[in-house]
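J.: Before I ask anything, here is the structure I am working with.
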């Protein structure tokens, strides 16, 4: 029950944005985070944590709502040690951004974990794109100079990642991964002279072109991370010239063909990665 003199609604009934900038739910009088309701008067959630972090419906922000935030009501933004954390990964993977810029990834099912060196720079702050996003949308945004500067596509079921999983870049990275005795591997790819012959002019692989691809060993699982930038030079046949001038965005804003960045992340079982590698190796001339 609200305490007399402690409830500001009488004076601010028209202002609907409350604790941590979340919109007030008119029916309950609580702050409507994305996944659940928060009662700022007593510092408690109405329901349990959908992300499964805590079993108590009363615990929020690690029980420290002064210095920690929970932007969607699903998972802490900072871990117990004060490290930045992303809620990316759904119920599969947790991403813990470290103070030095690295990112620790943990598979929820098994607890297996590893470190992405410099991972924060290609994950944190990226706009997570839904399953309707394909290479046509990303290309159009780059060409017209609109849409997010930095996009991230997560999940093996994301249609664009289904394409990415069967690209030459991932095949070569997987090949190197196996040659490295399945230790964490970074492959710096190139589109090369044969790139146009391996791809259709208008498909996901052609859009990506060259990319940096990493594969991480997580016990029974493999995390695939591919990062690329879309620039004028990356989209130009510049073998003999190469004098194109790329256009950086400033504070996320830029004109047509201004640079955008894309990160693709998905989790596979080790059997799935091996199967994809076999399919690509038998379907294409892997020496190209």
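In full-length UniProt numbering, the protein residues as written are 1 to 288.
Think of the CB as a built atom: it goes at the ideal place given N, C-alpha and C, for glycine as much as any other residue.
Going by beta carbon distance, what residues of the same chain come within less than 6 Å of residue 252, once the five residues before and after it are set aside?
T.: 149
J.: CA-CA distance, residue 188 and residue 28?
T.: Between residue 188 and residue 28, the C-alpha separation is close to 53 Å.
J.: Using 8 Å as the cut-off, classify the Cβ of residue 123 as near or not near the heavy atoms of the ligand COA, replying yes or no.
T.: The ligand content of the structure shown is nil, which means the ligand COA is not present either.
J.: Let me know if residue 136 comes out buried or exposed under the rule of 16 or more other beta-carbons within 10 Å of its beta-carbon.
T.: exposed
J.: CB residue 170 to CB residue 152, shorter than 9 Å?
T.: Result no, Cβ atoms of residue 170 and residue 152 do not sit closer than 9 Å.
J.: Beta strand (DSSP E) containing residue 215: first to last residue?
T.: 212 to 218
J.: Helix, strand or coil for residue 171, going by three-state DSSP, please let me know.
T.: helix
J.: Determine the closest residue to residue 185 out of 163, 116, 209 and 138, with distance taken between C-alpha atoms.
T.: 116
J.: When you compare only the Cα positions, how much space is there between residue 141 and residue 227?
T.: Going by the C-alpha atoms only, they are around 17 Å apart.
J.: I want to see whether chain C comes within less than 9 Å of residue 166, judged by CB atoms only; does it?
T.: The chain inventory of the structure shown lacks chain C, comprising one protein chain alone.
J.: Given a threshold of 16 other Cβ atoms within 10 Å of its Cβ, counted over all protein chains shown, does residue 22 qualify as buried or as exposed?
T.: buried
J.: Identify whether residue 39 lies in helix, strand or coil by the three-state DSSP scheme.
T.: strand
J.: Taking the alpha-carbon of residue 121 as reference, which of 96, 37 and 147 has the nearest alpha-carbon?
T.: 96
J.: Since residue 204 is in the alpha helix (DSSP H), which residue starts that stretch and which ends it?
T.: 204 to 208
J.: Within a Cβ cutoff of 7 Å, which residues of the same chain sit near residue 249, ignoring the five residues on either side of it in sequence?
T.: So the qualifying residues of the chain are 149, 258 and 259.
J.: Could you check whether residue 145 and residue 256 sit closer than 9 Å to each other, using their CB atoms as the reference points?
T.: yes
J.: Could you give the first and the last residue of the continuous beta strand (DSSP E) run that contains residue 222?
T.: 221 to 230
J.: In chain order, what residues of the same chain lie with their CB nearer than 7 Å to the CB of residue 104, ignoring the 5 residues before and after it?
T.: 96, 98, 113 and 115
J.: Would you kindly check if the distance between the Cβ of residue 277 and the Cβ of residue 213 is under 9 Å?
T.: no
J.: Which residues bound the alpha helix (DSSP H) around residue 140?
T.: 135 to 144
J.: Can you tell me the Cα-Cα spacing of residue 246 and residue 234, whole angstroms?
T.: 9 Å
J.: Mark residue 268 as exposed unless 16 or more other C-beta atoms lie within 10 angstroms of its C-beta, in which case mark it buried.
T.: buried
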